[in-house]
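Quick note on the working numbering: the sequence shown kicks off at 28 and runs consecutively.
We put the CB at the ideal spot given by N, CA and C, even for glycine.
If you're wondering where the values come from, they're calculated on a predicted model, not measured in any experiment.
Presented below is the structure to which this report refers.
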Amino acid sequence: MSTDPKKISPRIEGAHTGTIYVRALPDPFKIKIKMWDGAAVRQEYALKVQGTIDEEGGGYDQIVYNDRLTKEDIEKGELEIVLGKSLLRKFVDQRKILLKFLANIEGVPTHFAWPRYMIKHDHTHLTDFSTGQLEGWSLGPEVKPGEVTFVEHEGKKCLLYSVDEKASRKLIISRTFNLVEGKRYMMSVGIFSLPSPTLKGVIVVLKEGRRSSYWYFDSTLNRTLPIELGITARSASTTVEILTHDQTRSYCPFMITDIGLSEFNPLRWWDPEWDKEWEKEDDHPIKEPQSDAPDA
28 MSTDPKKISP RIEGAHTGTI YVRALPDPFK IKIKMWDGAA VRQEYALKVQ GTIDEEGGGY
88 DQIVYNDRLT KEDIEKGELE IVLGKSLLRK FVDQRKILLK FLANIEGVPT HFAWPRYMIK
148 HDHTHLTDFS TGQLEGWSLG PEVKPGEVTF VEHEGKKCLL YSVDEKASRK LIISRTFNLV
208 EGKRYMMSVG IFSLPSPTLK GVIVVLKEGR RSSYWYFDST LNRTLPIELG ITARSASTTV
268 EILTHDQTRS YCPFMITDIG LSEFNPLRWW DPEWDKEWEK EDDHPIKEPQ SDAPDA
């Protein structure tokens with residue numbers, strides 16, 4: 028348990044990235060909140076959803092659930108709120124939602140961390156590895172049979188890369204997607220490590236011709252981290268690659284799921300570096316890793 032509610036955030040079960048593909052969610056779906064320090068039987072709590080209506084950020088709060096804690100909730104160590112998909116569909120046109128959870132702790136309404144999710148009614152491409160297969164992805168030339176397997180995590184199948192060796196750079200999986208020239212696209216992917224070691228040197232690359240946008244991670248990771256990249260299509264296809272960068276310092280297996288490619292929503296922030304161009308033979312540059320804040 029945590030003594031700081033700001034470190035406990037409600038999460039949508041099965042949403043391993045900051046984008047929710049409504050068509051891929053079960054109905055009903057669950058929102059889970061880890062139990063907090065000071066939780067007591069009959070303590071009142073509520074979950075609100077704030078939907079963004081326009082580019083200026085106008086929105087409204089709607090209480091979607093309120094109840095009191097039970098002994099079973101506390102013993103389980105996690106609160107589950109079950110909601111129908113029809114509720115989420117109401118916010119599809121709003122494009123993004125903020126989950127606002129609060130509980131009366133010692134009689135004081137206390138707000139917990141507020142994660143933001145982008146909502147998409149449909150998707151151009153989505154790979155969740157639910158079949159336990161590669162689903163169109165190709166293994167890198169140095170990946171041997173058995174290094175990639177499929178495991179269950181938080182109720183869904185994930186691709187697990189696990190090999191007890193050290194390598195400076197290695198392509199794990201890749202796939203080419205069709206695009207429409209002139210349109211902007213966003214890619215999201217959930218990457219997370221097994222509970223104990225430190226995950227170092229994982230790169231996700233979205234590239235097209237001589238252009239390439241990338242995400243580089245080199246830090247401790249003990250939960251799902253939503254990663255997002257963008258690209259403006261100048262040709263009819265783009266390739267997504269997931270690589271290890273430097274496993275020579277330490278080794279850690281990691282899991283991948285929910286790789287989604289969809290058209291860019293103008294309410295999102297666009298990184299100018301996503302359209303940068305450099306020489307093909309150059310290595311992907313290394314910069315400071317992006318924040319792992321829940322507002323993806």
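Could you tell me which residues DSSP pairs with residue i in its beta bridges?
i      : result
Asp88  : Gln77
His152 : Leu288
Phe139 : Looking at the DSSP assignment, Phe139 forms no beta bridge with any residue, so it has no partner.
Leu233 : Ser240 and Val267
Ile202 : Going by the sequence as given, residue 202 is Arg instead of Ile. Val267.
Glu179 : Lys184
Lys123 : Met145
Glu71  : Arg95
In three-state terms, what does DSSP make of residue i?
i      : result
Ala130 : strand
Arg50  : helix
Leu115 : helix
Pro299 : helix
Ile35  : coil
Pro316 : Per-residue confidence for Pro316 stands at a pLDDT of 39, beneath the threshold of 50, marking its modelled position as unreliable; the derived number appears in the next sentence. DSSP places Pro316 in coil when its eight states are reduced to three.
Asp64  : coil
Ala42  : coil
Glu162 : coil
Lys103 : helix
Val109 : strand
Arg211 : strand
Lys197 : strand
Lys171 : coil
His311 : Reliability of the predicted coordinates at His311 is poor, the pLDDT of 49 falling under 50, and the value obtained from them is presented with this limitation in mind. Coil.
Ala323 : Confidence at Ala323 is low in this model, with a pLDDT of 30, below 50, so its placement is unreliable and the value that follows should be read with caution. Three-state result, Ala323: coil.
Can you tell me the Cβ-Cβ gap for residue i and residue j, rounded? I've got them flagged as a contact below 8 Å.
i      : j      : result
Ile146 : Leu115 : 7 Å
Gly45  : Glu290 : Not really, about 16 Å apart at Cβ, beyond 8 Å.
Ala51  : Leu186 : So it is not a contact: roughly 16 Å between Cβ atoms.
Thr271 : Val229 : 6 Å
Ile269 : Tyr212 : Rounded, the Cβ-Cβ distance is 17 Å, inconsistent with contact.
Asp206 : Ala263 : It should be pointed out that residue 206 corresponds to Leu in this sequence rather than to Asp. At roughly 6 Å, the Cβ-Cβ gap stays under 8 Å, so Leu206 and Ala263 are in contact.
Val109 : Lys57  : 5 Å
Glu179 : Arg261 : Contact doesn't hold; Cβ gap of about 39 Å is too wide.
Arg238 : Asp302 : 6 Å
Lys59  : Glu105 : 6 Å
Ile124 : Val190 : Actually they do not touch by this definition, with Cβ atoms about 38 Å apart.
When you compare each of the options to residue i by their alpha carbons, which one comes out closest?
i      : options                           : result
Tyr87  : Gly104, Gly111, Leu106 and Lys117 : Lys117
Gly236 : Gly217, Thr203, Tyr243 and Ile218 : Thr203
Glu300 : Ile286, Tyr241, Met282 and Val178 : Tyr241
Pro324 : Gly65, Val175 and Pro142          : It is not possible to answer for residue 324, since the shown part of the chain is limited to 28 through 323.
Pro280 : Ile218, Arg295 and Asn292         : Ile218
Lys184 : Glu174, Thr158, Pro172 and Glu162 : Thr158
Trp63  : Ile35, Asp155 and Val76           : Ile35
Asn93  : Val76, Glu107, Glu71 and Ser113   : Glu71
Gly65  : Arg295, Ile39 and Glu133          : Glu133
Gly182 : Arg95, Ile199, Ser220 and Gly41   : Gly41
Determine, using beta-carbon pairs with one atom in the segment 131-141 and one in the segment 160-172, whether at least three such pairs fall under 8 Å. no
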